[in-house]
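Each residue of the sequence shown is one higher than the last, beginning at 39 in our numbering.
A virtual CB, placed ideally from N, CA and C, is assigned to each residue, including glycine.
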Amino acid sequence: MHVSILFAVASAPLMALAVPIVVPRQGTSKFCTRITPAPTAEETEARFNEFADLFLVQKDVYKAFEYILPEYINHNPAAQNGAQNALDILGPIWGSQSITVLRTKFEGEFSWLNYRNSFGEIVDRYRWEDGCIIEHWDQGETFPTS
């Protein structure tokens with residue numbers, strides 16, 4: 039009898055490893071809705087500044103994603119398209135990132151975020167359409183010099 043109790047106690051930690059771990063979704067976002075009529079360049083730039091503050095300074099990825107269209111195109115070959123796919127990846131980790139904002143820029147229908155975090159120095163480029171982010175690039179991007 040003592041052997042079976044000893045076995046049960048000793049094997050309990052190993053049995054815990056066999057149970058699948060399900061991590062619940064950390065949060066949701068309502069995502070962006072196209073603005074009609076389309077906002078002016080100045081209004082879109084103001085929206086970009088709000089997005090940049092939420093994403094990089096406040097690190098509230100769920101509020102930041104309210105500026106991203108659900109059909110968002112991600113040009114990173116390792117990522118899937120769609121705002122929910124990006125949120126599922128960033129949501130659980132973004133708030134704990136140590137982020138140093140280096141610079142931001144908005145020009146025409148594009149915006150850039152240049153920052154440093156635990157992954158290194160990053161340049162994100164976004165294309166805006168109807169007041170929302172529709173496309174994203176982050177592979178080999180450089181910050182514009184002009």
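Tell me whether residue i is buried or exposed, calling it buried when 16 or more other Cβ atoms sit within 10 Å of its Cβ.
i: V61; result: Confidence is the limiting factor: at V61 the pLDDT is only 36, short of 50, which leaves the residue's position unreliable and the question unanswerable from this model.
What does a CB cutoff of less than 8 Å around residue i pick up in its chain, not counting 5 residues either side in sequence?
i: E145; result: P182
Residues in its own chain within less than 7 Å of residue i by CB, not counting five upstream and five downstream?
i: D98; result: L92
i: F69; result: F103, E104, I106, L107, P108 and A121
When DSSP labels each residue in this structure, what does residue i get in the three-state scheme?
i: M53; result: Annotation note: pLDDT 35 at M53 (below 50); position unreliable, coordinate value reported separately. Looking at M53 - three-state DSSP - the assignment turns out to be helix.
i: T142; result: strand
i: R85; result: helix
i: P182; result: coil
i: P75; result: coil
Between the C-alpha atoms of residue i and residue j, what's the straight-line distance to the nearest angstrom?
i: L151; j: G133; result: 17 Å
i: F157; j: A124; result: 16 Å
i: P75; j: T142; result: 26 Å
i: A90; j: Q96; result: 9 Å
i: S184; j: I172; result: 23 Å
i: Y105; j: W166; result: 9 Å
i: A117; j: I160; result: 16 Å
i: P130; j: S67; result: 13 Å
i: E80; j: C170; result: 13 Å
Residues in its own chain within less than 6 Å of residue i by CB, not counting five upstream and five downstream?
i: D162; result: L151 and D176
Would you please state the rounded distance, in angstroms, between the beta carbons of residue i and residue j? I believe it to be under 8 Å.
i: R85; j: D168; result: About 11 Å; that fails the 8 Å criterion.
i: R154; j: T180; result: Wrong, their Cβ atoms sit about 15 Å apart, outside the cutoff.
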